[in-house]
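S.K.: Counting along the sequence shown from 1, when you hit position 18 you're at 18 in our numbering, and nothing is skipped either side.
Don't be surprised by glycine CBs; every beta carbon is placed ideally from N, CA and C.
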Amino acid sequence: MFSGIPIDLPAMLAAREERAAQQDIWLKQYACPILSFTLNIPGPVKTSPDLRRAFDTGLAALENALESAGLSAIARDEIHAPTGDEALLAIRGHAAAIKEIATKLEEDHPLGRLFDMDVLNADGTKLSRRVPRRCLLCAEQAQNCARSRRHTVAELTAEIERLLIAYLGSNGAALRSLKTSQSSPV
C-alpha cells in the first residue's frame, strides 16, 4: 500500500510552496474562495495506487457535497506527483459554508481522517476548524501528537492501511503491510 517513490523533506517543502503560489495566482484570478485538497500521509511515501483511490474517493465526495449545497468549482486542477495527490478548486460561494462542507467530510467520511481540505477566503486568509482535529490514533489533538512525535510512522501508517482496507476492501489493489522503510515523518 505504501509502495511508491520515497520523498524527502526538501521535495515536500517545494511542493507546498508551489501549491501556495498557485493558490495566490487563483485568488487574484478568480477573487473567490479556494479549496486545496490533499491527503494526510506520514512518512516518505506520499502516494500509491491505493492512496490515489482514497484521494479520488475524497475528491468525488467533496464535489458531490458541494453540488448538493448548490456550489460548484469555477476552476479545478489536479496534480498527481510523488509528493502526493492534490486538487485545487476555486468556488463561488461563502468560504465559511465551503469550510463547513469540507470539515463535515473530514469528520464523517470513512476515509475523512486522511483528507486535508484547506479553505482560503477570497482575501487569502485560511479558515480554521471550530474544533481541532483529533489524532488518528488517540484522543489527543492531532497537532500536539505530530509536534511531539508521540506515535511512530509505522503506527500511523498501519492505521491508515486499516482504514483503507476497511473502505476499499482487501480485494482491491494489493494492500501491503508497512515496511520498515517508513522511518521518519515528513
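1. Do the segment 61-79 and the segment 121-141 make contact, defined as three or more Cβ pairs closer than 8 Å?
2. Which two residues bound the contiguous alpha helix (DSSP H) that contains leucine 137?
3. Going by C-alpha to C-alpha distance, which of Lys46, Pro44, Leu59 and Ala146 sits closest to leucine 35?
4. At the level of alpha carbons, what is the spacing between glutamate 100 and leucine 62?
5. Measuring straight from C-alpha to C-alpha, what distance separates aspartate 116 and glycine 169?
6. DSSP three-state label for leucine 71, please.
7. Looking only at C-alpha atoms, which of Pro6, Cys32 and His109 sits nearest to serine 48?
8. Can you give me the C-alpha to C-alpha distance between isoleucine 98 and valine 119, rounded to a whole angstrom?
9. Given glutamine 141, which residues of its chain have a CB within under 6 Å of its CB, disregarding the five upstream and five downstream residues?
10. Could you check which residue in Gly4, Arg147, Cys32 and Glu106 has the C-alpha nearest to that of arginine 76?
11. For glycine 124, count neighbouring Cβ atoms within 10 angstroms of its own Cβ and tell me buried if that reaches 16, exposed if not.
12. On the three-state DSSP scale, how would you describe isoleucine 160?
13. Name the two residues that bound the continuous beta strand (DSSP E) containing serine 36.
14. Can you give me the Cβ contacts of alanine 90 inside the same chain, cut-off strictly under 7 Å, excluding the 5 residues immediately before and after it?
15. Reducing DSSP to helix, strand and coil, say where arginine 52 ends up.
16. Take lysine 104 and list the residues in its own chain whose beta-carbon comes closer than 8 Å to its own, dropping the five residues that flank it on each side.
17. Where does leucine 127 fall in DSSP's three states?
18. Just the C-alpha distance for arginine 113 and arginine 92, rounded to the nearest angstrom, thanks.
19. Got a sec, what are the start and stop residues for the alpha helix (DSSP H) leucine 13 sits in?
M.R.: Considering the structure as presented:
1. no
2. On the sequence shown, position 137 is the one that residue 137 refers to. Taken as a continuous stretch (DSSP letters only), leucine 137 belongs to no alpha helix (DSSP H), as it is neither H nor E.
3. By one-based count along the sequence shown, residue 35 stands at place 35. Selected option, being the one with the closest Cα: Leu59.
4. As a working mapping, residue 100 is identified with position 100 in the sequence shown. As a working mapping, residue 62 is identified with position 62 in the sequence shown. In this structure, the alpha-carbon of glutamate 100 lies about 11 Å from that of leucine 62.
5. Translated into positions along the sequence shown, residue 116 becomes position 116. Translated into positions along the sequence shown, residue 169 becomes position 169. In a straight line, the C-alpha of aspartate 116 is about 22 Å away from that of glycine 169.
6. The residue labelled residue 71 in the question sits at position 71 within the sequence shown. Three-state result, leucine 71: coil.
7. Along the sequence shown, one-based indexing puts residue 48 at 48. Minimum Cα distance to serine 48 is reached at Pro6.
8. Position 98 of the sequence shown, counting from 1, holds the residue named residue 98. Position 119 of the sequence shown, counting from 1, holds the residue named residue 119. Answer to the nearest angstrom: the Cα atoms are 7 Å apart.
9. Taking the first residue of the sequence shown as 1, we reach residue 141 at position 141. Within the same chain, and ignoring the five residues on either side of glutamine 141 in sequence, the residues whose Cβ sits closer than 6 Å to its Cβ are Pro132.
10. Within the sequence shown, residue 76 is the residue found at index 76, counting from 1. Residue Cys32 is the option with its Cα nearest to arginine 76.
11. Taking the sequence shown and counting its residues from 1, one reaches residue 124 at position 124. Exposed, because fewer than 16 other Cβ atoms sit within 10 Å of the Cβ of glycine 124.
12. What you label residue 160 is simply residue 160 of the sequence shown in a count that begins at 1. Residue state, collapsed to three classes: helix.
13. What you label residue 36 is simply residue 36 of the sequence shown in a count that begins at 1. Element bounds for serine 36: 34-39.
14. Within the sequence shown, numbered from 1, the residue matching residue 90 stands at position 90. Here the set comprises Trp26, Tyr30, Cys32, Ile34, Ala73, Ile74 and Ala75.
15. On the sequence shown, residue 52 is found 52 positions in, with the first residue counted as 1. DSSP places arginine 52 in helix when its eight states are reduced to three.
16. Position 104 of the sequence shown holds residue 104. So the qualifying residues of the chain are Ala65.
17. On the sequence shown, position 127 is the one that residue 127 refers to. Looking at leucine 127 - three-state DSSP - the assignment turns out to be coil, as it is neither helix nor strand.
18. Within the sequence shown, the letter at position 113 stands for residue 113. Within the sequence shown, the letter at position 92 stands for residue 92. Rounded to the nearest angstrom, the two C-alpha atoms are 26 Å apart.
19. For this step, residue 13 is matched to residue 13 along the sequence shown. Counting along the chain, the alpha helix (DSSP H) containing leucine 13 begins and ends at 9-30.
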